[in-house]
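To keep things clear, I will list the structure first and then write my remarks on it.
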Amino acid sequence: MFHIKAARAREAGAFDAEIVPVMAWFQEVDKKMGEKISKQQTIAVTQDDGIRTNISPEALAKLKPTFKTDGTTTTVGCAPDEMGIGPALAIPQLLEQHDDR
Numbered sequence: 001m002f003h004i005k006a007a008r009a010r011e012a013g014a015f016d017a018e019i020v021p022v023m024a025w026f027q028e029v030d031k032k033m034g035e036k037i038s039k040q041q042t043i044a045v046t047q048d049d050g051i052r053t054n055i056s057p058e059a060l061a062k063l064k065p066t067f068k069t070d071g072t073t074t075t076v077g078c079a080p081d082e083m084g085i086g087p088a089l090a091i092p093q094l095l096e097q098h099d100d101r
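Quick note: the sequence shown uses the UniProt record's numbering, first residue 1, plus one each step.
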């Protein structure tokens, strides 16, 4: 399985020369109320966080295909704002609210 091999490679430092640390900030927000519920924090992203180290091959095998019933591409439930496309969904709403269209 890809994730197992990738996790082993990451642990062995195989990707170290390819990863450039990036400083990022985050802040928890109550999705229903839109209110900040934690202080803004700055973190250094130093490794690929897409590699699943805490999942078994059996659990991965149970994931259903996303696009075709007999396909092999799967996704795990993740809200659009967590996938990084949240701004694409939010910008039209903000423009409408501020009458900037």
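Ideal Cβ placement from N, Cα and C applies to all residues, glycine included.
| Item | Value |
| --- | --- |
| Would you mind giving the Cβ-Cβ distance between residue 26 and residue 43, rounded to the nearest angstrom? I have them listed as a contact below 8 Å. | 7 Å |
| State the CB to CB distance for the pair residue 15 and residue 49, rounded to an integer number of angstroms; the pair is presumed to be in contact (CB under 8 Å). | The Cβ separation is near 12 Å, so there is no contact. |
| Please go through the same chain and pick out, in chain order, the residues whose beta-carbon is closer than 7 Å to the beta-carbon of residue 30, but skip the five residues on each side of it. | 37 |
| Just to confirm, are residue 63 and residue 3 a CB contact at a threshold of 8 Å? | no |
| Using the Cα positions of residue 71 and residue 5, report the straight-line distance between them to the nearest angstrom. | 22 Å |
| Assign residue 97 to one of three DSSP states: helix, strand, or coil. | helix |
| Starting from residue 2, trace the beta strand (DSSP E) both ways and give me its first and last residue. | Segment 2-11 is the alpha helix (DSSP H) holding residue 2; no beta strand (DSSP E) there. |
| For residue 51, tell me which candidate among 34, 33, 10 has the shortest Cα-Cα distance. | 10 |
| One question on the structure: do residue 65 and residue 53 come within less than 8 Å of each other, judged by their Cβ atoms? | no |
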